[in-house]
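Chains as they are written, first to last, in our numbering: chain W, 1 to 225; chain P, 1 to 519. All C-beta atoms in this analysis are idealised placements derived from N, C-alpha and C, irrespective of residue type, glycine included. Below: the structure, in structure tokens.
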Amino acid sequence: MNIIEIKGLKKDYPLGNTVVKALRGIDIAVEEGEFMSIVGPSGSGKTTLLNVIGCIDFATEGSVKVGDREITVLNDRQITDIRLNKIGFIFQTFNLIPVLNVIENVEFPLLLMKNQSRTEIRRRADRLIGEVGLTEFAEHRPAELSGGQRQRVAIARALVTNPDIVLADEPTANLDSVTGAAILELMKEMNRIEKTTFVFSTHDANVLKYARRIVKIKDGLLSDN
Amino acid sequence: MKLVLTIAWRNILRHRGKSLVIGVILFLGALLMTVGNGVISGMAAGIEKNIVNGFMGDIVLISEKQKSENILLDFMGQAIEPITTYKKIKPVLQNQDIVARHLPVGKNLTLVLKEDEATPGGAFLLGVDFAAYQKMFPDNFRIIEGRWPRPGERGLLVPTFAREEMANYMNLWVIPENGTVIKEHMKKETLEHIDALTVSSNVVMMGMASGMNSTSDIRFPVTGIVKYNALSTIFGHFCIADIDSYRECLGYFTAADKAVAVPKEEQKLLNLEGTDLDSLFGVDPLIVSNTRAPGGAAVPGGAAIINNAIVSGSSVTATPLGVENGIYNLVLVKLKDGVPYKTALGRLNRALAEAQTGVRAITWSKASGPIGSMALIIRGALFVFVTLLFCVAVIIIVNTLTMAALERTSELGMMRAIGARKSFIGGMFLGETAILSSIFGGAGIVAGIAAVKLIPLFKITSTNDMVQILYGGDIFHPLLGTSDVLITLMQLVFVTIIAAVYPMHVAGSITPLDAITRD
């Protein structure tokens, strides 16, 4: 079953008097439980594609379905709810709320959902922190963690709500190769344990070996799938 | 809510510098407002206490014909309308269980004349029964030179303020009969021209009651110089004379007066036939000596009351009817403790109307015109000042919080990306402002309350007349009521909300894409 369906997706950015065509007609479908990588050089449109799928940016043209919902017609509140309930995010650099410690950061999306008890929230957050190997750092603030540890927290937070999809935009870009590899291993492990669909972008060829499906993008068009 | 407040509180600690700037502004604003309200309330209470207890009572009865209700200090306005029905008013007041005491008085403007001075001075004149006055206002002033007039004696009490005015504008230094010049009682500016002063133990006054055509300039023997205990600048305009002299000065002549007190120059005119014309310019003074015995009824315009009938003409001989039949201008009423003014006014006005007294009751604050409203005016000025202060505070807080919101674009955008609604982001900023307001604004209010409570312990006094007005008396005694604190709290809440609205909007407008673009 397709968790993401994209047809004829175009995205234009006005830049002064000209228009930058970031995406020029993308058609793609992602099945549930996939571990997929979008690769391409800088400026190819991979981040834009992830942003549109993640309801962070809006399509200029075309259809984008996440789950069974067409997201191009939703208002801000509905979009926010989809981001909260259906999608988990792992960003390249800015990831955690600096004033909250590890466990509070992981709990944050669950507290926004307001549909679970405090005990249940804490139990689930504890489990995920354990799975990413940060139990002993649970009370630490982000500033007290390394880059790799922060990304682990971000992975735990992305998974804590049991989302349908986790989107990761170059999650290893700011990490050394060892840490980056560990993060990708962890994502793959989470994909296996939680059965969550992972879509991540990268321009690092070394990362590709972790992906079960690779989609190449160039100049706003899919070049290889 | 807990999550919002937790993040808000930790952000306050994280951005201590900005939080401190906002906090100090809120602290100072709340402190100034609280202390300011305390000063104004103290002033209002002081003015009320001094005017009610020392000068005017709670309620003032004025003639129904009286147009302006400002009967205290109205230099440019009309004269106070006479009240001729005190005989009817007295039993009405005596039958009211809400009335503690009352005092009928004459009150009008007079010109102070000096024989070698072309320009007259001015002073208000109160005509009273001295014994009754002392019972009504037992401790509003003290006599610093001379003495009280004896029972039945004609005399004038001159306040220090009025004496200084006469010295400065007329070069006249008034001392009591048999008194001496006491230089210690002179102000510095008076001492500077002491050689030019004429020392006198009597004052010539001419009443200024409109429509009376007062022809008698009355020479008042000064029996005492008085110093008001508070608000001398206000009360010091009023010289106090016996009621009979007052009535003569204002032209409220009695029939008896008309019969016996034809001025000498008029007698000369009457006897002109066969007389040398030069005798008209004799050496006898034109000013009537104020030595007539007390008593006798008086009505305006030179008419006379004879057995309660008004008869025109000055050649009528009449039997004096007693002081209470005469003319007054006001009746000052002190209420029993705790009687609300609204209740008192309602009851008194009904009773006075039923008795056809031709007078109406008004409160002391209305009767004292701008003086009674002074607290309100200064409170308004303070409110404008604090509002301006708060406007500046709001601008600074808005600017600081907006900058904070923009600096946190990545963080806020990330929160939005993982599912935080605009209202959550806005709530964080409102929470930050609310926490700062609660802590610093609350501290400002508490500090203000403490200051207001502590200030009276220092017993700060002033002899400066203007400062005394601000103090509401001679001692600086700010007061804070619950309503004052509530007003400050409401202002603080208002400032908090206004200051947070724009930053909330800015923060709520930050999208995840803004965060990514910025990153």
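Within chain P, the residues A417, I418 have their CB atoms less than 7 Å from the CB of F89 (chain W), given in chain order.
Within the region 44-64 of chain P, contact with chain W at the beta-carbon level (separation under 8 Å) is assigned to no residue. Non-local beta-carbon contacts of I510 (chain P) in its own chain, meaning distances under 6 Å to residues more than five positions away in sequence, involve T409, L412, G413 in chain order.
In this structure, V495 (chain P) places its C-beta atom within 9 Å of the C-beta atom of L26 (chain P). In this structure V19 (chain W) is exposed. Its beta-carbon is surrounded by fewer than 16 other beta-carbon atoms within 10 angstroms.
For L84 (chain W), the CB contacts under 8 Å within the same chain, skipping 5 residues up- and downstream, are P109, L112, M113, T161 in chain order. Excluding the 5 residues flanking it on each side, G441 (chain P) has same chain C-beta neighbours closer than 6 Å at L26, A30, L492, in chain order. Ranked by Cα distance from N171 (chain P), the first of P:M186, P:G179, P:E177 is P:M186.
In the same chain as R147 (chain P), and ignoring 5 residues on each side of it, the C-beta atoms closer than 8 Å to its own belong to P176, T223, G224, in chain order. Around the CB of I243 (chain P), 16 or more other CB atoms lie within 10 Å, so the residue is classed as buried. Listed along chain W are F89, F91, F94, N95, L96, I97, each with a C-beta nearer than 9 Å to that of M414 (chain P). Here the alpha carbon of E136 (chain W) sits roughly 9 Å from the alpha carbon of I129 (chain W). Exposure of G380 (chain P) is indicated by the presence of fewer than 16 other C-beta atoms within 10 angstroms of its C-beta. Bridge partners of L157 (chain P) according to DSSP: P:G224, P:I240. Counting C-beta atoms within 10 angstroms of its own C-beta, G155 (chain P) has 16 or more neighbours from the protein chains shown and is therefore classed as buried. When secondary structure is reduced to three states using DSSP, E34 (chain W) falls in the coil class, being assigned neither helix nor strand. Shown here for K107 (chain P): same chain residues with a beta carbon closer than 6 Å to its own, the five before and five after excluded, namely I80, L126, N329, L330 in chain order. When the alpha-carbon of M136 (chain P) is set against those of P:A393, P:F385, P:G23, P:N53, the nearest one is in P:N53.
Taking the C-beta atoms as reference points, F200 (chain W) is found no nearer than 9 Å to A417 (chain P). Any Cβ of chain P closer than 9 Å to the Cβ of I217 (chain W) would place that residue at the interface, and such an atom is absent. Sixteen is the threshold: since fewer than 16 other Cβ atoms of the shown chains lie within 10 Å of the Cβ of E189 (chain P), the residue is exposed. The shortest C-alpha to C-alpha distance from I59 (chain P) to any of P:V199, P:D337, P:G419 is the one to P:D337. For the region 392-413 of chain P, the residues whose beta carbon sits under 8 Å from a beta carbon of chain W are, in order, S410, E411, G413.
Beta-bridge pairing by DSSP links T198 (chain P) to P:L172.
DSSP places V73 (chain W) in no alpha helix (DSSP H); its state is neither H nor E.
In the DSSP assignment, T110 (chain P) falls within the beta strand (DSSP E) that extends over 99-114. The contact set of N51 (chain W) on chain P, defined by CB atoms closer than 9 Å, consists of P512, L513, I516 in chain order.
Separation of the CB atoms of I217 (chain W) and I38 (chain W) is rounded to 6 Å, and the pair is thereby assigned contact status at 8 Å. Note on geometry: alpha-carbon atoms of A162 (chain P) and F238 (chain P) lie some 7 Å from one another. Excluding sequence positions up to five before and after T461 (chain P), its CB lies within less than 6 Å of the CB of D474, I475, all in the same chain and listed in chain order. Contact between the region 94-102 of chain P and the region 362-371 of chain P is not established, with fewer than three Cβ pairs separated by less than 8 Å. Cβ contact annotation for P98 (chain W) (same chain, cutoff 8 Å, sequence separation greater than five): R141, P142, A143, in chain order. E69 (chain P): not part of any beta strand (DSSP E); DSSP gives it neither H nor E.
Distance between E194 (chain W) and I183 (chain W), taken at the CA atoms: about 16 Å.
Non-local C-beta neighbours of F429 (chain P) in its own chain, meaning closer than 7 Å and more than five positions away in sequence, comprise L401, A405, A500, P503, M504, A507, ordered along the chain. At a cut-off of 9 Å, the C-beta of K422 (chain P) has a neighbouring C-beta in chain W.
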